[in-house]
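Protein chains in written order, with our numbering: chain A, 1483 to 1823; chain B, 1483 to 1823; chain C, 1483 to 1823; chain D, 1483 to 1823.
Virtual Cβ for every residue (Gly too), placed ideally from N, Cα, C.
4 protein chains.
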Amino acid sequence: MIRVAVVGAAGYIGGELLRLLIGHPEVEVAGAVSSRFPGKRVDGVHPNLRSATDLLFCTADEVEDCDAVFLATPHRAAMTQMDRWIGRAKQVFDLTGDFRLDDPEVFERYYGVEHAAPHLLGDFVPGIPELYRDRLGSADLVSVPGCMAVAGVLSLYPLVARDLIEPKAQIDARTGSSGSGATAGQANLHAERSGAMRVFAPTGHRHEAEISRHLGVEAAMTATGVEAVRGVQTLCHATLRPGVDEAAVRRAFREQYQDEPFVRLVAQKRGTFRYPEPKILLGSNFCDVGYAVDAETGRLVTIAALDNLVKGGAGNAVQCLNIRMGWPEDLGLSFTGLHPA
Amino acid sequence: MIRVAVVGAAGYIGGELLRLLIGHPEVEVAGAVSSRFPGKRVDGVHPNLRSATDLLFCTADEVEDCDAVFLATPHRAAMTQMDRWIGRAKQVFDLTGDFRLDDPEVFERYYGVEHAAPHLLGDFVPGIPELYRDRLGSADLVSVPGCMAVAGVLSLYPLVARDLIEPKAQIDARTGSSGSGATAGQANLHAERSGAMRVFAPTGHRHEAEISRHLGVEAAMTATGVEAVRGVQTLCHATLRPGVDEAAVRRAFREQYQDEPFVRLVAQKRGTFRYPEPKILLGSNFCDVGYAVDAETGRLVTIAALDNLVKGGAGNAVQCLNIRMGWPEDLGLSFTGLHPA
Amino acid sequence: MIRVAVVGAAGYIGGELLRLLIGHPEVEVAGAVSSRFPGKRVDGVHPNLRSATDLLFCTADEVEDCDAVFLATPHRAAMTQMDRWIGRAKQVFDLTGDFRLDDPEVFERYYGVEHAAPHLLGDFVPGIPELYRDRLGSADLVSVPGCMAVAGVLSLYPLVARDLIEPKAQIDARTGSSGSGATAGQANLHAERSGAMRVFAPTGHRHEAEISRHLGVEAAMTATGVEAVRGVQTLCHATLRPGVDEAAVRRAFREQYQDEPFVRLVAQKRGTFRYPEPKILLGSNFCDVGYAVDAETGRLVTIAALDNLVKGGAGNAVQCLNIRMGWPEDLGLSFTGLHPA
Amino acid sequence: MIRVAVVGAAGYIGGELLRLLIGHPEVEVAGAVSSRFPGKRVDGVHPNLRSATDLLFCTADEVEDCDAVFLATPHRAAMTQMDRWIGRAKQVFDLTGDFRLDDPEVFERYYGVEHAAPHLLGDFVPGIPELYRDRLGSADLVSVPGCMAVAGVLSLYPLVARDLIEPKAQIDARTGSSGSGATAGQANLHAERSGAMRVFAPTGHRHEAEISRHLGVEAAMTATGVEAVRGVQTLCHATLRPGVDEAAVRRAFREQYQDEPFVRLVAQKRGTFRYPEPKILLGSNFCDVGYAVDAETGRLVTIAALDNLVKGGAGNAVQCLNIRMGWPEDLGLSFTGLHPA
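This is the structure in structure tokens:
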């Protein structure tokens, strides 16, 4: 058993971390930090945890030393308090955007502020097990990527790694409302957000910078909020290299992911769920990936789906923890998702 | 053409008033008062009105004298400024809760504050055309009832008026999220409210007091927020007087509403939409009413459905205006609703 | 390890049984019977089970003898094949409506057909652990109750058992679309059912007969389909006996359920989720129960929420299996539900 | 007053035609043809039309000669009966896919069947007022385009017409469930379709062929079903010609659409609804168009939104009728849409 703390525990990612960590057989949750609700019951904010925990939220100062800390604060809050947490826990898993880009200039362009701890940027290992498993095995600082970045990266990586596509991708990302967080504003009221197809970032979404970083391709993302609470789907449009056919694409995905515990290839000829669909992944740590090829034009579409709070956040972080600790990678992450849901 | 102003014009009821009044052939909207957005474009807040109006929001002071004013402020704000509006417009249509109850003690019990203008309570005619059409024909002060009250009243009135039921009703009301208004708090974020069945008033909802007032029955309401933006449905449970059968119930509804422009009897043997369903009434001024009788026990269930922002608010107010002005009652209110929607 | 079969495995309850039984550490799924899809992959119909199973659907004849069989066929199919299954498995868990009522006349009134196996009606123990745990410990024939019946029964039982209310309840039940099953007709198309408040049974819903049976009260149910895929909520309206106050009600619920693994008392003064809400229970086996009292009138409202496919079906059946086998009651049922969802 | 008939009147497009034509001041609906429901009341299938019509469905043979006929049958049924309707009505408005492409080979590639009336293909004028208004003024045969084609075409046309972009576009289209029609199958059950992000055509959607035809660009469409009943949104990704900047793009849209009654430019710096959003267009005939430019890369995204049953179908057809008859173009089409909804 290790002792862990969650900082930003009243948010949606924080709550999902608590759900997974409280249910994890090798973990004891020693602290749930919330600056808004110190002293209040955790299950008052996260009612799904009733009967699972009697924990109260606490302040950052009240956290006793623990083995690992998970940061799920708002963006920009993590980089200013990172030094402090590094001194108090052996491992730090950062789920904010603050350490996802390794170049401070790119960070500033996408986040609009100067980075507060550029000296640490190089020390964080990206929390993408499928690309960085070896480094994660010994990493003490992990930066868990953005939800749409995970989806985009995993659906393109097998092709990029084998040089099967031109190094350029247009990514159409769709996301549910939980991605806006528990303190979102009036634009996220149910009456405004319900049934929406809200193009909130036609160009320049931050997560495109992560995709470019990890894959070395020119990535351009358009992001739209659609009706769902949880769920992210990305469609990546790319062009096959001359001579590359559908069989090569299929082979690439199979080879890459056949032993991955949480990536499934979903690209079938028929069936309602023949392509990746977030709706059946709620609560699960899977990222389903698929593709379609237009043989005539060499046009390729890859599709990925995940639950933004799990494989796009808290679950991915726990998977990284499992890797770091040498535990089975799916420990505490075995929920399959629901159908129908 | 008459000149009208809408106060509280940035809210959901205010926006619906603007939509209906801008489209009304005999009305010119002379002012749209918003304390939050003075000087801003109306269609910035109500984007459905793009190309329909170039109006800007203004302050209350900027409203020039007009023939009629519609108040859609938060509850409690209307009663403190009522004297002022009475002096500036020939007719005042109040869509808040402030003048819906004629007894200041009942008001205080249900609203938790003392009434600020008890001397005016008796001067307001309730804005329910189906019950008070004659008085509305000459009324200069109209209090438009609560959305769930309209539904409950219209689905019980034919039976109460003919003394067909025991004077007691349990009302189960369901409502969409727009009823919480455009400035609702965190509990109404999409992620929290989506797919909800939220019992927000198991006992003592304010609208039950209106039903009791208009029908003279003991009314007990339970209110639940369900997944919808617009839409109210009430189920009223009552007991038939001895000897009253289903034929008498049907006859009562038919007699009562056969000439009503906006009340339809919906109680069929089969069909997906055999009972009143708010989903097909979005944007329309209809209140559909129906019933079912358990012949063995004498148990009666009446069902009503409406769009809370139209027949449950702005549309009802415009209907009252039409009556007052002697115009056709459905002027500007002819939209039928959509199917599917 | 015991071997089990699921009959009607391509339906929604069948799929949920498979999800829970495949994940159950003491169970091996030996057969998934579907008359529609024999020979097809189970995860083609239930895509959430991809990577969890390679099972194919089979015919009833292909099922080899197994320890327990779970019947999730359409209503009326179970009673005609029950004798056969009794001969082939030690335990039979029936999730259809066929053995939920012990009186063949009441069955005929509510189901519209004569019972095909009235000799067996008395042999089935109702699958409600909270009321019949002792009998379930040795039961070889279990009839799992209707989803809305479970909710209604659990939210009234503590009060009925202590004689705190008049023996009469009006139940307002709301349900998601999954209750209509995987082969529902055109009325359940998304375009028709989305955002609906569909009163499909204003009087006489079958589940009221189960509530009457288990509690000995006169139960009258009105059932409405609301927007949700999973989820049932019941509101029960009853009257407190003279002299009974809120404290007595609270005490009754506490005493009754303090040691129950899957019933939680949710009745708080404030908070978005202060009353039972199905939305946070998706995938979980909890039934949350709560209440509100109108002290002045003695009016009582009890509220219950559950996932109709889990505590209202498959999860409840697995809980009964656990009891019968002497396993920990929550084995394979530990999923907490999600927030937000 | 002219007399019109609707064929395929029980479908969703057929129902929307009836709604608009019944409310049209210059039109009398003389026949509502349905092969499934002859003799049944129209408002039994389209419950929003209760009290608006007493019409019964009839067979095709029962339609008396009328001035105009609107065909909203399933695809492929129109081309086999077209000769017949041409002989019986002065104008034919075809809302199926059968006459949207003028090249029979392209038709066969996209629809998978040989065209049954290739001799008529050249006689149909495309029902896109914004491109073909002059020809529509005298057209007796009009083919109303696909919903996603309208959106795509209108959001690219100003740029193509001025040669501001490279002749290639990748279109990401999202659609609500009503696009699947009133007789959709099990995959469109609410439980399966609710909350979905269903990629049903990753490549090769039929509507891309229409966009290519009307604009002369290479169009590649990916189509996804998202949670909504009504509503289509298209995102078109293209590349600006060298030297073209955002100002030129804005000018192109303004010039093109400033006098169009049903196209609005929506591309604002801020606001929840700063880009086209179908949610506020339900029931309206608007197509909102907008754009975003990435100045650094010359990447362009255009965005369009409409109600697939109105501007994407029935409303567009009525607009074409108005043009043909010389009536005001917005006659019977003045509904603004709702907010919130």
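Could you work out which residues of chain B lie near residue i, taking near to mean beta carbons separated by less than 8 angstroms?
i	result
A:R1523	Simply none; closest approach about 17 angstroms.
A:V1775	Ordered by position in chain B, no residue passes the 8 angstroms Cβ test against A:V1775, which lies about 35 angstroms from the chain.
C:I1785	V1681, P1684
Using 8 angstroms for Cβ pairs, my map puts residue i next to residue j. What's the rounded Cβ distance?
i	j	result
C:Q1652	B:Q1652	6 angstroms
A:V1524	A:F1539	6 angstroms
C:I1762	C:L1820	7 angstroms
C:I1647	C:T1721	6 angstroms
A:V1731	A:L1782	7 angstroms
D:H1528	D:G1505	That belief does not hold up - the Cβ atoms of D:H1528 and D:G1505 are roughly 13 angstroms apart, past 8 angstroms.
B:A1777	B:D1812	Not confirmed; about 37 angstroms, so no contact.
B:E1700	B:P1649	6 angstroms
For residue i and residue j, I'd like the C-alpha separation in whole angstroms.
i	j	result
B:C1902	C:K1793	Lying outside 1483 to 1823, the shown extent of chain B, residue 1902 of chain B is not represented and no answer is given.
B:R1566	B:F1589	21 angstroms
D:L1577	B:D1585	58 angstroms
A:P1507	A:N1804	11 angstroms
C:R1532	A:N1767	13 angstroms
C:A1702	C:G1634	11 angstroms
B:P1822	D:E1709	14 angstroms
A:G1791	A:L1499	Per the sequence presented here, residue 1791 of chain A reads as Leu, with Gly not at that position. The alpha-carbon atoms of A:L1791 and A:L1499 are separated by roughly 9 angstroms.
C:V1515	A:L1764	27 angstroms
C:K1522	D:L1503	48 angstroms
D:Y1757	A:E1690	20 angstroms
C:T1779	C:Y1773	15 angstroms
B:A1643	B:R1723	13 angstroms
A:F1735	A:L1747	7 angstroms
C:P1870	C:D1549	Because chain C here runs from 1483 to 1823, residue 1870 of chain C falls outside it and cannot be looked at.
Please work out which residues of its chain come closer than 8 angstroms, Cβ to Cβ, to residue i, disregarding the five sequence neighbours upstream and downstream, and give them in chain order.
i	result
C:Y1639	E1612, L1613, H1696, L1697, Q1738
C:Q1668	E1674
B:V1711	G1658, S1659, S1660
D:M1807	I1484, E1508
Given that residue i touches chain D, what residues does it touch there, using C-beta distances under 9 angstroms?
i	result
B:V1818	It should be pointed out that residue 1818 of chain B corresponds to Thr in this sequence rather than to Val. What B:T1818 touches in chain D: R1501, I1504, G1505, N1530, L1531, R1532, S1533, A1534.
B:R1746	R1532, S1533
If I follow the unbroken alpha helix (DSSP H) through residue i, where does it start and stop?
i	result
D:F1826	With chain D covering 1483 to 1823 only, the question about residue 1826 of chain D has no answer from this structure.
D:C1718	Element bounds for D:C1718: not the alpha helix (DSSP H) but the beta strand (DSSP E), 1714-1721.
Tell me the residue span of the beta strand (DSSP E) that contains residue i.
i	result
A:S1694	A:S1694 -> not in any beta strand (DSSP E); alpha helix (DSSP H) instead, spanning 1688-1697.
A:D1770	1769-1776
A:S1625	1623-1625
B:V1511	1509-1515
Report all residues from its chain with a CB closer than 7 angstroms to the CB of residue i; omit the five preceding and five following residues, and keep chain order.
i	result
A:T1555	V1489, G1490, T1578
So with CB distances below 8 angstroms, who are the chain A contacts of residue i?
i	result
C:S1660	P1822
Which residues in the same chain as residue i place their Cβ atom closer than 6 angstroms to its Cβ, once the five residues preceding and following it in sequence are excluded?
i	result
D:P1684	T1704
B:T1541	P1520
B:D1605	L1623
D:E1596	E1590
B:A1598	M1561, T1562
Under 8 angstroms between beta-carbons, which chain D residues line up against residue i? List them in chain order, please.
i	result
B:V1771	What B:V1771 touches in chain D: nothing, since even the nearest Cβ is about 12 angstroms away.
B:I1495	Those do not exist, as B:I1495 stays about 11 angstroms from chain D at its closest Cβ, beyond 8 angstroms.
In chain C, which residues lie with their C-beta within 7 angstroms of the C-beta of residue i?
i	result
D:R1675	H1672
So residue i contacts chain C; which residues on that side make the cut at Cβ distance below 9 angstroms?
i	result
D:A1666	Q1668, L1671, H1672, A1673
Taking C-beta pairs closer than 7 angstroms, name the residues in chain D that residue i reaches, listed in chain order.
i	result
A:D1654	D1654, L1717
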